[in-house]
Amino acid sequence: MEPLKQLYLSLSEIFNLEDRKGGKQAADALIDASHQIKEPKTFTNPFLDEVESSLNIQGHFLNSLVSKASPNIKWTSSDLREGRIPDDLANQMPMAELVGPDGIFFNDTVRVGLWLQNKNIVYGPRQHAAEETFFIFNGEASWTTESNESKVQGPNTYIYHPSSVLHTSITTNSFVFTAWRWSGDIGFEKYSLHTR
Ligand SMILES: [Fe+2]
166 MEPLKQLYLS LSEIFNLEDR KGGKQAADAL IDASHQIKEP KTFTNPFLDE
216 VESSLNIQGH FLNSLVSKAS PNIKWTSSDL REGRIPDDLA NQMPMAELVG
266 PDGIFFNDTV RVGLWLQNKN IVYGPRQHAA EETFFIFNGE ASWTTESNES
316 KVQGPNTYIY HPSSVLHTSI TTNSFVFTAW RWSGDIGFEK YSLHTR
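Sequential numbering of the sequence shown, starting at 166, is according to my numbering.
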């Protein structure tokens, strides 16, 4: 099977296991998209070195899947939001939208992707109307919201943010590599970053 297809199917299982309605929507969108994967396009990755060096092939199985599928993944900076994240920050956070309005495969109800936050980055507080779940497959970060104390979370963890909650992720000695999904109101115009 194409590694890209394998990646989409594995991510669909992961978001199904999240056991939330939004997770199920993400899982269904990934399965729909996987049916369209025959001979996937290849893309040049401006973040190739940092993506590869942030994967642990001996770790969670998503690491090797992402590595194998990477040539068929369109990696960008986190600033798909047209200037809402400063460039120097956005370029420290490579992302890919696998499914969604801006995704490798189109879907207008959810966004699902991959996202890497490099070491020594404070990202937030930020908020958006979409509800969001991250699944960490390598590295760790300290996660906090307006209603929760900060907590360091590593591989095999789901981080859930309800709609419009202020949230922050802080990396120090390690990067954090995640799969993410947005459900609900997924427009980028409802995103804001509050710098301190
Ligand atoms: Fe978020």
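Even for Gly, the Cβ is constructed at its ideal location relative to N, Cα and C.
Whole-angstrom distance between N221 and Y323, CA atom to CA atom: Here residue 323 refers to the residue found at position 158 of the sequence shown. Here residue 221 refers to the residue found at position 56 of the sequence shown. When rounded, the separation of the alpha-carbon atoms in Y323 and N221 is 18 Å.
Among P327, G349, G319, the one whose alpha carbon lies nearest that of T337: If you number the sequence shown from 1, residue 337 lands on position 172. Checked all of P327, G349, G319; the closest Cα to T337 is G319.
Reduced DSSP category for G265 - H, G, I as helix; E, B as strand; rest coil: Looking up residue 265 in the sequence shown gives position 100. In this structure, G265 counts as strand in the three-state DSSP scheme.
For F300 and I179, believed in contact at Cβ under 8 Å, the rounded distance: Taking the sequence shown and counting its residues from 1, the one referred to as residue 179 is at position 14. Taking the sequence shown and counting its residues from 1, the one referred to as residue 300 is at position 135. The Cβ separation is near 5 Å, so the contact holds.
8 Å CB neighbourhood of S232 in its chain, flanking five on each side removed: Taking the first residue of the sequence shown as 1, we reach residue 232 at position 67. Leaving aside the five residues that flank S232 on each side, the residues in its chain whose CB is nearer than 8 Å to its CB run, in chain order, E217, L220, I222.
Inter-residue CB distance, S307 and V317 (contact presumed, cutoff 8 Å): Stepping through the sequence shown from its first residue, residue 307 is reached at position 142. Stepping through the sequence shown from its first residue, residue 317 is reached at position 152. The pair is a contact, with the Cβ atoms about 5 Å apart (cut-off 8 Å).
Those residues which DSSP pairs with E297 across a bridge: For the purposes of this step, residue 297 is taken as residue 132 along the sequence shown, with counting starting at 1. The partner list for E297 (beta bridge, DSSP) reads H326, W347.
Three-pair Cβ contact test at 8 Å for the region 277 to 288 versus the region 246 to 266: Contact holds: three or more Cβ-Cβ distances are below 8 Å.
Short Cβ contact (8 Å threshold) for V330 with Q282: Looking up residue 330 in the sequence shown gives position 165. Looking up residue 282 in the sequence shown gives position 117. At least 8 Å separates the beta-carbon of V330 from that of Q282.
Cβ distance (whole Å) where Y325 is taken to contact R249 below 8 Å: Numbered from its first residue, the sequence shown carries residue 325 at position 160. Numbered from its first residue, the sequence shown carries residue 249 at position 84. Contact doesn't hold; Cβ gap of about 22 Å is too wide.
Exposure label - E354; buried when at least 16 CB within 10 Å: For this step, residue 354 is matched to residue 189 along the sequence shown. Counting other Cβ atoms within 10 Å of its Cβ, E354 stays below 16 and is therefore classed as exposed.
N272, buried or exposed, once every other Cβ within 10 Å from all chains shown has been counted against 16: Indexing the sequence shown from 1 puts residue 272 at position 107. By the 10 Å Cβ count, N272 comes out buried.
Contact belief for S334 with Y288 at Cβ below 8 Å, rounded distance in angstroms: Within the sequence shown, residue 334 is the residue found at index 169, counting from 1. Within the sequence shown, residue 288 is the residue found at index 123, counting from 1. Contact between S334 and Y288 holds: CB atoms are separated by about 5 Å, below the 8 Å threshold.
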